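Numbered per this note's numbering, the sequence shown spans residues 30 to 532. Remarks on the structure that follows.
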Amino acid sequence: MLVLETVLKIRREFAAGKAMKAIARDLHLSRKVVRKAIREPEADFTYRRVVQPLPKLGPFQARLDALLDEDEARPRREKLRVTRIHDLLLREGFDGSYDAVRRYAARWRRDRRRDVADAPAFIPLMFRPGEAYQFDWSHEDVEIAGKPMRVKVAHMRLCASRAIYVRAYPRETQEMLFDAHARAFAFFGGVPTRGIYDNMKTAVTTVFTSKERIFNRRFLVMAGHYMVEPTACSPAAGWEKGQVENQVQTARGRFFQPRLRFTSLEELNGWLEAECRRWAEMHQHPEQKELTVAQALAAERPVLQPMLGPFDGFHESEHAVTGTCLISFDRNRYSVMAKAVRRIVQVRAYADRIVVRCAGEVVADHPRFFGRDRTVYDPWHYLPVLVTKPGALRNGAPFQDWDLPSALARLRRKLGTGDEADRRFVRVLAAVLDDGLDAVEDAVREALAAGTASDDVILNILARRREPPRPLAIVTPEGLALRDPPQANCSRYDSLRDLHAAA
């Protein structure tokens, strides 16, 4: 293969009048090569091997093709590394090097891309400040409380300033989608006018041809709350929201590798939010080179729509309450107030809690648990039942390890153990239904301060506090005051008897 310097030297010597034969002799080249360099200035002197010999790989070529075909059909996360494919061939008797397999796989994939289709071309997009954001999900592997966990990560990106927001969730459900939007808009300090999404089921119900879509009703309610126009991409056209697609890969490399380890999801999300701010402060805007992403966000913030308040982002479903005042939701059980037993209730699931309503009244409000087969009790839900069944205080599942207020916990210790002690303590707890927990706690403190731990004394204190206040004394105006006001003195009547005796 001739280098460019040799080709130029041949042309210069020929132009100076030197014969081809002399040039070939002096440069140790064939006259055919010299003639080609002179007569074909654009000739390509690079060597391309037409047939690639495969001395080691030849017998295993069909097997390697099959492995590469199988790998091509796998999802991206499940694709094999070339080192793994080489190891599989070694197990089947192949004794060649890894480089031979790597080079063959590279040629195979390059030829396949050329055969399948030409490289697609795209048009660069430009967005005005405050015009649009892009949203997407990704799945990442982390370690929470010492256990491996795959979390669903919400990604949002402002198209103009390139500011990013990342938050991890245990699920990819609609209530998580609503929560991610509320937190992202609060993080950015405003709301763009248009949102760009793929065709995720939590947002899109039906996909038609072109850009026509039927959006989920609750999703449209959220979009109306924030005054956002939702736009769905064409199916399998990730380049239509290329900024957030690129963000998914960037965040995976910068934030989630190596594997993150935290004690809770709340701690992980606090760290991710801080990293989003740090990333914006450290990276320059790709188009406005003189600005960082954080400075571009500050410039875009005034043109964003104001966020009047977070959307009440819940997903509602109906459930039946069992005879033990429990509902089943998301593979776990939660207690509700005893008044809702054997009735149908509405469960509003939020990203971090569930609210249970019955006939328009809230009958339970629990932190949400994302494991399975766990029962979450609130002992106060069972208080009306406990009043009629005080014996359940000892072995009732809701009352095990009951975290009572300090005054009530002291009272229970002073009353002691046994059926009679439980009955007396339940009498005090029953007053919570009428007087409220704060009033009962104050009465218990007063009784304990007086040195008594009697349920009768505590109930008496509560009864006295329920008595209406005494009326105020009547103040007589000065003009209506008596000159000789009556006196409450019954001895004055004795003077009448004395007068009668004298007469």
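Even for Gly, the Cβ is constructed at its ideal location relative to N, Cα and C. Quick caveat: nothing in here was measured; it's all calculated off a predicted structure.
query: Where do the ends of the beta strand (DSSP E) carrying Arg386 lie?; result: 382-387
query: Starting from Ala349, follow the beta strand (DSSP E) in both directions and report where the run begins and ends.; result: 344-349
query: Taking the alpha helix (DSSP H) that Ala492 falls in, what are its first and last residues?; result: 484-495
query: Can the beta-carbon of Ala90 be found closer than 8 Å to that of Leu83?; result: Note that residue 90 is Gln in the sequence shown here, rather than Ala. Their beta carbons are under 8 Å apart, which means Gln90 touches Leu83 by this criterion.
query: Along the chain, where does the beta strand (DSSP E) containing Val539 start, and where does it finish?; result: Because the chain in this structure spans residues 30 to 532, residue 539 falls outside the shown range and cannot be described.
query: Going by Cα to Cα distance, which pick from Phe343, Glu295, Trp300 is closest to Arg283?; result: Trp300
query: For Val236 and Ser263, what's the separation of their Cα atoms in angstroms?; result: 9 Å
query: Please go through the same chain and pick out, in chain order, the residues whose beta-carbon is closer than 6 Å to the beta-carbon of Met366, but skip the five residues on each side of it.; result: Val392, His410
query: In the structure shown, what three-state DSSP assignment does Ser364 receive?; result: strand
query: Closest to Asp170 by C-alpha separation, out of Val180, Arg68, Val461, would be which residue?; result: Val180
query: Among Ala174, Leu477, Phe285, which residue has its Cα nearest to the Cα of Arg439?; result: Leu477
query: Out of Met256, Ser293, Ser167, which one is the CA nearest neighbour of Arg281?; result: Ser167
query: Checking contacts by CB at 8 Å: is Tyr411 closer than that to chain D?; result: Of the protein chains in the structure, only one exists, and it is not chain D.
query: For Met185, which three-state DSSP category applies?; result: strand
query: Check this for me: beta carbons of His395 and Glu204, under 8 Å apart or not?; result: no
query: Would you mind sorting Leu462 into buried or exposed? The rule is 16 or more other CB atoms within 10 Å of its CB.; result: exposed
query: Beta-carbon within less than 6 Å of Ala189's beta-carbon, same chain only, minus the 5 sequence neighbours each way: which residues are those?; result: Phe156, Pro158, Glu329
query: Given a threshold of 16 other Cβ atoms within 10 Å of its Cβ, counted over all protein chains shown, does Arg453 qualify as buried or as exposed?; result: buried
query: Exposed or buried, what is Val32 when buried is set at 16 or more other beta-carbons lying within 10 Å of its beta-carbon?; result: exposed
query: Between the segment 310-321 and the segment 221-230, are three or more C-beta pairs nearer than 8 Å?; result: no
query: Short of 8 Å in beta carbon distance, which residues of its chain neighbour Cys354, apart from the five on each side in sequence? Order them along the chain.; result: Ser364, Val365, Met366, Ala367, Ala369, Val370, His410, Tyr411, Val414
query: When you compare only the Cα positions, how much space is there between Phe244 and Pro199?; result: 24 Å
query: For Ala150, which three-state DSSP category applies?; result: coil
query: Using DSSP bridges, identify the partner residues of Met178.; result: Val171
query: Got a sec? Which residues, its chain only, sit under 6 Å from Tyr597 by beta carbon, not counting five neighbours each side?; result: No statement about residue 597 is possible, as the shown extent of the chain runs from 30 to 532 and does not include it.
query: How many angstroms separate the CA atom of Lys38 from the CA atom of Arg60?; result: 15 Å
query: Taking DSSP as the reference, what is the three-state secondary structure of Ile243?; result: strand
query: Going by the CB atoms, is the gap between Arg223 and Glu310 shorter than 8 Å?; result: no
query: Measuring CA to CA, which of Arg196, Ala129, Ile67 is closest to Leu86?; result: Ala129
query: Under three-state DSSP, which class holds Ser357?; result: strand
query: Do Val457 and Val469 count as a contact pair if the criterion is CB distance below 8 Å?; result: yes
query: I need the DSSP call for Ile503, collapsed to helix, strand or coil.; result: coil
query: I'd like to confirm the pairing. Which residues does DSSP put opposite Pro396 in its beta bridges?; result: Arg382
query: Taking the beta strand (DSSP E) that Glu258 falls in, what are its first and last residues?; result: 258-261
query: Between Lys270 and the rest of its own chain, which residues show a CB-CB distance below 6 Å, the 5 nearest in sequence each way excluded?; result: Gln163, Ile225, Cys262
query: Figure out for me which residue from Ala197, Trp268, Trp137 has the closest Cα to the Cα of Ile152.; result: Trp268
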